[in-house]
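This is the structure in C-alpha cells:
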C-alpha cells in the first residue's frame, strides 16, 4: 500500500513531468483493469477511445496521457498525467507485484549438484534440481524445482528458470534470462541422412544453443542445438509458449515471437521483428530487421527489405496480400460480371443472327 | 469378467429399456473395436453405415441401437439394444478400465510438501512431487511423480495430475480436474511494453488461472495466468494436447478445444463450443456459445451469433466460406469462359471490321 | 584428433572406393560448416552449386563427390572423394561427437525403481528417475534425470530417454529408441461422449502406445494412447518437436514428421512419408506410402496413391495445387481482361446504338 504521492515520486524516476490532478494523500492498495478497478485501486487509460471511462471509472487513481481531458479530478478520484501512461502503469504493476517464491535461498537438500559445477552467490536451487558436471550458475539466479541442467551448461546472473525446464549439455544463457516451465533448450536438431533403402542415419548434433541477456522464453517451447556451431537467440528477444526454433537459427535482438510459431533450420531473423502466432518459416531463410509477420503466415522465401509487414501463405507484402484477399473476396462479383457480359454478348450475337 | 446379463444390469442404471437379444449367460472378458473383437469380447455399432458388421463381427456381444436390424441373435453372438449405444459402450469401457496406479496412497518419501500446505484425506502424492507453501489439496486427489505445485495453489477433490505437470503460484483447480503430463498452468502471460529504443520491459503478470470442475487438460498444453484478474477455464471444458491459452482468456463451460489450437490474450469463448485443431484466434475476440470452429481456421474478428459454424482464414461463416472455396475451385472454368467470351467478341469485331 | 588417412580408412568401411587427393598425414581436429571451417578442420561439399567453395574453403580436408573438380589438392588442403559425401560426413561427425553424459552408470541414489521392475545390464538411470511397477528396461539403455515411467512400461535395449520424459502405463519402446525431453507418450486419447445437456463423459482410454526400433522423437511431442488397441509408430520413423499424434494413429516405417504437425485420431500414414511442419490431418484418414505432405497443408481426405506430393488447405496433389495458386495469383490479370472485354463490348453496343 502506498499513497498517490508516492506513486508520483516513483514515476518521476522514469518520466518528467508527472502531473498530479486531485488529491495525493489517498492510499492505493493495488492495481486493476479499468473495468474492474474500485475504490483504493489504480488503473490507467492509454488510448483515446477509452476516454469515456475517465468519468465513469471507480478507481481512486488513473494514470493518463498528458493531454487527457481530466478536468480537476474529484474527491473520490485523482489522476497522474504522463507522456506514456502504459509504461508508467507497468512500473506501478512492478511496485505491487509480489515476490514469487520459486525456491528457498541456497541449494535444496534434494537437489543434485555435480562436484565440478560452480555455483555463484545468492543462488537458489529448488527441490530435485539437477546440475550436471562443469555447469556454471551466476549470482542471484533462481532455479525452480525439478529443472535439469545437463553437463557444461552456463547460466548467467539474475536468471529465473521455472520448474521442469531442461537445458541440454553446452547450453549458454546470458544474464537476466527467464525460462518458463517445460521449455527444452538444446535438444538435438532434426537432422537425418536418407539412405538408399529408405531409412535414415542420425546426423550427430554437435553444436549448442546460446541465449542472450534479457531474453524471456515461455512455457513448453523448444530451441534445438545447432548441428555444428550455435543456435542463437540474441539479447532482449521475447519468445512465447510452444514455439519451435530449429537447429542453427539466429533470432535477432528484441525480436518477439508469438505462441506456436515454428522456425525451421538455419533461418536468420533480424532485430526487432514481430512474428505472429502459428506463423511458419521454411528452412534457410533470411528475414530483415523490423519485419512484421502476420499470424498464421507461411514464409517460403527470404524478405530482405527491413521494416515491411508480410502476410499470407505463401507470405507476401501486406499490401500485395491484402489486394489478393480483396480479389478473392470479389470472386462472386467477378462471376456476376462475366455472366452479364456473356448475356450481353449472346444477345448481340442472337440479334445479329436474326 | 462379467456376464452379458450383468452388463445389461449395468446399462439399465443409465438407459431404459435395455433389450437383450440372444443369450445372457456368456462371459465377456473385455471390450474391443468392432474390427478387432473376437469371441468373449464386447463391441458396439452406433452408426447405420456400419450395420454390415452386424452379421460379420466375431464379438460375443454387440451393443446396438434400439432400431438396429439384429434379428434374433445367434448361438455365438448376443445384442443389447439401447437408445444411445455409443454412450452405453463408454459405460462398459469404464467397467473394464483398470485402475491406473499413478502414486501410492499417502505422501511418497521423496515428495517435498511445504509445512503450511494443507493436504486432504486419501491423497496420493508421487515421488519427487513438490507442493509449495499454503497449497491446498482436496480429498482423494492423486498427483503423479515429479509434478510441481508452486506456492498458493489450490487443487480440489478427486483430481488427477499426471507426472511432470507444473502449476504456478495461485493456480486454482476445481474438483475432478484431470491434467496430463507436461502441461503448464499459470506461467506468465506474454506481455511486454515496447520502449523507444526497440527493447521491451516486462509487464508483471499478477493475475492467476482458475480451472473449473470436471475440466480435462491434455499433455504439454499451456494456460497462462492473467496480467490482472484471472484466466478462466469453466466447468466441463475439455482441452487437448499442445493447446495455447493466453492470459486473460475465458473458455466457456463444456467447450472442447482440439490439439494445437491457439487462443490469444483476452479472448472470450462461449459455452459448448467446438474448436478444431490448429485453429488460431487473434486477441480480444468474443465467440458466442455453441460456435463450431473448423480445424486450421484463423479467427480475426468476433462471432457473436450463437450456434454457427465458422471456417477459413480469415474465418467466416461455413456457408460463405464454402461458397468462396467453390469459387476458388471454379477459377479454371471461369478463365475458360472468359477466353471463350474473348474469342467470340474478337470474332465479332473482326467480322465487323472486314 | 585423427589423420586424414585415418578418416579415409573409416569411410572405406562404408564406401568403395574412397579416393584421397592431396596429403594424408595432416591431423584433423574436428568438423565445421564449410563457411566456418579453418585449418585443421574437415568439412564437405555435396551440392554442385557450392563447388565455388572448393577453391576458397580454409578447411584442411573436404569430403566431396567422386566427380567434383578438385584438381590435385594443395599443400594446405586435401580431398576425399566418395559417392555420397553427405552421408560420409555424417560418419565423420559421429567419429568426433563427444559422449553426452546423461546419467552415470547404474541407478542414481535419488531414482525410485519399483521392486517388480526388471532392469537390464549396463543401464543408467539418472537422478529422480521414477520407474513404476513391472517396467522392463533393456540392456545399455540410458534414462536422463527426472524422467518418469509409469507402471508396465517396456523400454528396449540401447535406448536414450532424455530428462523429463513421461511414459504412461503400458507404453512399449523398441530398441535404440531416442526420446527427447518433455515428450509425453501414452497420455489419454482425446475422447468424450457428448450428453444431451451439452456436457461430456470421458471415454476410458484403455489402449497403449507402441514405438518401433530406431525411432527418434523430438522434444515436447505428444503421442496419445489408443482408446482400444495400440497407437503405433513403426520402426525407423523420425518425429520432430511439438508434434501431436493422437489416439489410434499408425505412423509407417521410416516416415519423417516435422515440427508442430498434428495427426488426428485413427489416421494411418504409410512408410517413408515426409510430413511438413505445421501440417494437420483430419481424423480417420489413410495416407499412402512415400507421400510427401507440404508444410502447413490441411489434409481432409485420404490419399491412397503411393509416392505423390500434396499441398494446400484443403490439400490436393502438388500439380493441382500449384495450378490453383497460379490461378489465384492471376486474379489481377483476369480482372483486367474482364474490364477490357467489358469496355470493348460497351463500345460495340454504343456504336450499334448510335
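Protein chains in written order, with our numbering: chain A, 1329 to 1682; chain B, 1329 to 1682; chain C, 1329 to 1682. A virtual CB, placed ideally from N, CA and C, is assigned to each residue, including glycine. Predicted, not measured: the structure shown is a model, and the values here were computed from it.
Item                                                                                                                                                                                                              : Value
Among all the DSSP beta bridges, which residues are the ones paired with residue 1528(B)?                                                                                                                         : 1522(B)
Report the rounded CA-to-CA distance for residue 1498(B) versus residue 1442(B), giving the unit in angstroms.                                                                                                    : 15 Å
Below 8 Å on the Cβ atoms is my guess for residue 1583(B) versus residue 1600(B); work out the distance and round it to an integer in Å.                                                                          : 6 Å
Among 1577(B), 1595(B), 1605(B), whose alpha-carbon lies nearest the alpha-carbon of residue 1589(B)?                                                                                                             : 1605(B)
Based on DSSP bridge pairs, tell me the residues matched to residue 1596(A).                                                                                                                                      : 1578(A), 1614(A)
Do residue 1506(A) and residue 1461(A) have their beta-carbon atoms positioned less than 8 Å apart in this structure?                                                                                             : no
Quick check: what's the CA-CA separation for residue 1647(A) versus residue 1634(A)?                                                                                                                              : 15 Å
Can you tell me where the beta strand (DSSP E) holding residue 1669(A) begins and where it ends?                                                                                                                  : Note, residue 1669(A): premise wrong, no beta strand (DSSP E); alpha helix (DSSP H) at 1659–1681.
Identify the residues that DSSP records as bridge partners of residue 1355(A): which are they?                                                                                                                    : 1331(A)
Have a look at 1649(B), 1669(B), 1429(B) and flag the residue whose alpha-carbon is nearest the alpha-carbon of residue 1477(C).                                                                                  : 1429(B)
For residue 1626(C), tell me which candidate among 1459(B), 1480(B), 1619(B), 1607(B) has the shortest Cα-Cα distance.                                                                                            : 1607(B)
So which of 1538(B), 1439(B), 1427(B) has the shortest CA-CA distance to residue 1480(B)?                                                                                                                         : 1538(B)
Indicate whether the contact test is met: 3 or more Cβ pairs, each with one atom in the stretch 1525–1539 of chain C and one in the stretch 1409–1426 of chain B, closer than 8 Å.                                : yes
According to DSSP, what are the bridge partners of residue 1446(A)?                                                                                                                                               : 1464(A)
Hey, does residue 1544(C) have any beta-carbon neighbour from chain A nearer than 8 Å?                                                                                                                            : yes
For residue 1618(A), which residues from the same chain have a beta carbon less than 6 Å from its beta carbon, with the 5 sequence-adjacent residues on both sides left out?                                      : 1600, 1634, 1635
Which residues in the same chain as residue 1365(B) place their Cβ atom closer than 7 Å to its Cβ, once the five residues preceding and following it in sequence are excluded?                                    : 1371, 1385, 1386, 1387
For the stretch 1367–1381 of chain A against the stretch 1396–1404 of chain A, do three or more pairs of beta-carbon atoms, one drawn from each stretch, fall closer than 8 Å, so that the two count as touching? : yes
If you reduce the DSSP assignment to three classes, tell me which class residue 1559(C) lands in.                                                                                                                 : strand
Tell me, please, which residues DSSP counts as bridged to residue 1627(A).                                                                                                                                        : 1609(A)
Apply the 10 Å Cβ neighbour rule to residue 1409(C) and answer buried if 16 or more other Cβ atoms are within range, or exposed otherwise.                                                                        : buried
Give the interface partners of residue 1655(C) over in chain B, defined as CB-CB distance under 9 Å, in chain order.                                                                                              : 1656, 1659, 1660, 1662, 1663
Do residue 1495(A) and residue 1513(A) come within 8 Å of each other at the CB atom, strictly closer than that value?                                                                                             : yes
In whole angstroms, what separates the C-alpha of residue 1436(C) from that of residue 1484(C)?                                                                                                                   : 20 Å
Does any C-beta atom of chain C lie closer than 8 Å to the C-beta of residue 1592(A)?                                                                                                                             : yes
Just the C-alpha distance for residue 1669(C) and residue 1649(C), rounded to the nearest angstrom, thanks.                                                                                                       : 28 Å
Would you mind sorting residue 1329(C) into buried or exposed? The rule is 16 or more other CB atoms within 10 Å of its CB.                                                                                       : exposed
Can you tell which of 1454(B), 1339(B), 1463(B) has its C-alpha closest to the C-alpha of residue 1407(B)?                                                                                                        : 1339(B)
Measuring CB to CB, does residue 1510(B) end up less than 8 Å from residue 1569(A)?                                                                                                                               : no
As a quick exercise: from 1466(B), 1491(B), 1575(B), 1561(B), pick the residue whose alpha carbon is nearest that of residue 1518(B).                                                                             : 1575(B)
Residues in the same chain with beta-carbon distance under 8 Å from residue 1503(A), minus the five sequence neighbours each way, listed in chain order, please.                                                  : 1466, 1484, 1485, 1486, 1487, 1541, 1542
Can you round the beta-carbon distance between residue 1325(A) and residue 1454(A) to whole angstroms, since I take them to be within the 8 Å contact cut?                                                        : Any question about residue 1325(A) goes unanswered here, given that chain A covers just 1329 to 1682.
Looking at residue 1620(A): is its Cβ nearer than 8 Å to the Cβ of residue 1643(A)?                                                                                                                               : no
Is there a Cβ of chain B sitting closer than 8 Å to that of residue 1574(C), yes or no?                                                                                                                           : yes
Considering just the uninterrupted stretch of the beta strand (DSSP E) at residue 1423(C), what are its terminal residues?                                                                                        : Residue 1423(C) -> not in any beta strand (DSSP E); alpha helix (DSSP H) instead, spanning 1413–1424.
Quick check on the DSSP output: the alpha helix (DSSP H) that includes residue 1381(B) runs from which residue to which?                                                                                          : 1381–1384
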